[in-house]
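Everything below concerns the one structure shown next.
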Amino acid sequence: MPPLPWADLGSGALLAAVVVMILRGWLIPRRTHDREIRFKDEQIVELKRKSAADDDANAELLRQNGMLLDAARTGTAVAESVQRLFDREPQS
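Just so you know, the sequence shown maps onto residues 1 to 92 in the UniProt record's numbering.
In structure tokens:
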């Protein structure tokens, strides 16, 4: 299919083509484009800020989990020692 001969089209056909392009979303005003890009940039900044906050929260949770694991190891060692003491005592 050969390309459209734009030079041979009348002004009415050209205007109709532009209107169709606008209605289909192929042409948008520059201000609209700039507004959407600015919105996306602001959204990216906000998501990066939230991601950094989440990273800090995750680091704190990892630290707390480490502390809980240390406490669990101590509790397990105490329980094993108590179990060994009861196993050694003669039953009456």
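The beta-carbon is built from N, C-alpha and C at its ideal position, and this holds for glycine as well.
- DSSP places residue 72 in the uninterrupted alpha helix (DSSP H) bounded by 30-88.
- With a cutoff of 8 Å on beta-carbon distance, residue 27 and residue 21 are scored as near each other.
- Residue range 11-24 is occupied by the alpha helix (DSSP H) that includes residue 17.
- Annotation: residue 44 to residue 77 spans about 49 Å, alpha carbon to alpha carbon.
- Straight-line spacing of the CA atoms in residue 83 and residue 74 works out to 14 Å.
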